[in-house]
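Here the sequence shown stands for residues 240 to 663, where the numbers follow this note's numbering.
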Amino acid sequence: MKVLVINTGSSSIKYEFFAMEAEQRLAGGIVEKIGEGTSAVTHEKILESGEVLKLEEQGLIPDHEHGLKRVVELLRHPEYGVVENKSEIQAVGHRIVHGGDKLTETMVIDDKVIEELKETVPLAPLHNPGCILGIETARAVFSNAVHVAVFDTAFHRTIPPYAFMYALPWDMYKKHKVRKYGFHGTSHAYVAEQAARYLGKKPEEVNLITIHLGNGGSMAAVQGGKCVDTTMGMTPLAGLVMGTRCGDIDPAVMFYLGKRLGMNLRELDILLNKESGLKGLCGTNDMRELLKKKRTGDFHASLALEMYAYRIKKYIGAYMAVMGGLDAIVFTAGVGENCAEVRSLSCQGMEGLGISMDDEKNRAPGRGARRISTDESPVKIIVVPTNEELRIAQETRRVVGAASFRRYPSSSKCAEFSADTETA
Ligand code: ADP
240 MKVLVINTGS SSIKYEFFAM EAEQRLAGGI VEKIGEGTSA VTHEKILESG
290 EVLKLEEQGL IPDHEHGLKR VVELLRHPEY GVVENKSEIQ AVGHRIVHGG
340 DKLTETMVID DKVIEELKET VPLAPLHNPG CILGIETARA VFSNAVHVAV
390 FDTAFHRTIP PYAFMYALPW DMYKKHKVRK YGFHGTSHAY VAEQAARYLG
440 KKPEEVNLIT IHLGNGGSMA AVQGGKCVDT TMGMTPLAGL VMGTRCGDID
490 PAVMFYLGKR LGMNLRELDI LLNKESGLKG LCGTNDMREL LKKKRTGDFH
540 ASLALEMYAY RIKKYIGAYM AVMGGLDAIV FTAGVGENCA EVRSLSCQGM
590 EGLGISMDDE KNRAPGRGAR RISTDESPVK IIVVPTNEEL RIAQETRRVV
640 GAASFRRYPS SSKCAEFSAD TETA
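Right, here's the structure in full:
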């Protein structure tokens, strides 16, 4: 089976194309600045030798439909293409940021799923409209393919109510769906599975803390293969210090700023989501830039790094308590896979908790899954490269391959929880 994975934003389409027998990436790319003056397309074809044949082009792509049609042309291109016919694309996996409280499992997309997805827009106004547009366009362009929705929130559906609820009046949850949902689920799920395999165990045999540190960042407590808590909340703003997001903060700061500076809700939203985090603290959201600044003795960069690592460390402690024991800490994504300094600071001084980093291993360059804890460390520390697109393709294959498609409405912990409590 060949699966096309699509990740649609308001002005971009990222795509990856896999042959699933060997889970092999055949092609991929991105269409950017859709609807803007000059759009850009970058396409890669992976040759049998493993080399990458790259095409970059600029031009006007007025809307997502034209963008996807260009993707089809490139996938069928005599030189850069990998299929002869569009019909070879049997399934399309869509990355959906927010599934709300009903769309909690990977599922085949039909009109009802799209209807339900539209209900989630208030929960993810920046992300889900782009996802819906992507699905609707792709269903028209790939009308013979099976379309599958894979949700960033789905892996977190096993978080128990006492962990996902906020201590707000009950109606805020019941009527307005205010609760923790969690994000980066495909990445946490993928690296948790890979980490268990690396440890030579089954997922249900290990307790893991997975730490995804990209531009956004989140951690998950994964107990016996199931997520039991995560740092992001109703939106991706909660939890860790991130590139441009503040993470955990006293909510009353917003009332204070509103009153004192007269900031309105939109301005506060931009402040906390786009102008805070590392960028707000030291002027850059790029960890590599931050490290350069720090090396020149920049106080703000040093403090930002300390705050970034301290927040991770605090959650490691918290999640060890939540799970009552820990087998491994798993670092992933741009910072987690590449930044020895962050890994080292985040795990520093935790030998008393059985966490002992091997500094040499941590600093040694490496690409694949690798252990960076000492041989004696009871808790292993490992680096596992994430691959969210491959996970979406795997999920798509699983659901398409299942004898009967799992269709909406799905059974979910949350739905059961709300049903139970309805009558309580
Ligand atoms: P996104 O969330 O956009 O997918 P990535 O997972 O690509 O983000 O991570 C981007 C972050 O990873 C940036 O802050 C970047 O500076 C950081 N990063 C990438 N390579 C390195 C490196 N070698 N050392 C430190 N940080 C790195």
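For every residue, glycine included, the Cβ atom is placed at its ideal position computed from N, Cα and C.
- Cα atoms of Ala330 and Glu634: separation of roughly 11 angstroms, rounded to the nearest angstrom.
- For Met526, the uninterrupted alpha helix (DSSP H) run begins and ends at 526-534, by DSSP.
- Across the set Ser288, Ala258, Arg527, the C-alpha of Ala258 shows the shortest separation from the C-alpha of Arg636.
- Bridge partners of Thr571 according to DSSP: His451.
- Counting only residues of its own chain and dropping the five nearest sequence neighbours on each side, Tyr319 has a CB closer than 7 angstroms to the CB of His282, Lys284, Leu292, Leu294, Leu313.
- When the alpha-carbon of Ile448 is set against those of Lys308, Ile252, Ser585, the nearest one is in Ser585.
- Ranked by Cα distance from Lys308, the first of Thr343, Ala572, Gly373 is Gly373.
- Cα atoms of Lys440 and Gly463: separation of roughly 10 angstroms, rounded to the nearest angstrom.
- A straight-line Cα-Cα distance of about 32 angstroms links Glu290 and Ser382.
- For Leu584, the enclosing alpha helix (DSSP H) starts and ends at 579-586.
- Across the structure, Thr469 and Met493 are spaced so that their CA atoms are roughly 23 angstroms apart.
- When the alpha-carbon of Ala567 is set against those of Leu438, Glu262, Ala379, the nearest one is in Leu438.
- In this structure, Ala477 is the residue among Ala477, Ser326, Leu500 with its C-alpha nearest to the C-alpha of Leu511.
- Each of His539, Glu344, Val347 was checked against the Cα of Thr523, and the nearest Cα belongs to His539.
- With 16 or more neighbouring CB atoms inside 10 Å of its own CB, Leu362 falls in the buried class.
- Beta bridge pairing from DSSP links Ser612 with Met596.
- Around the Cβ of Ser457, a 10 Å sphere holds 16 or more other Cβ atoms; the residue is buried.
- No Cβ-Cβ contact shorter than 8 angstroms links Val347 with Val561.
- Exclusion of Met411 from the 7 angstroms shell around ligand 1 follows from its C-beta lying no nearer than that to any non-hydrogen atom of the ligand.
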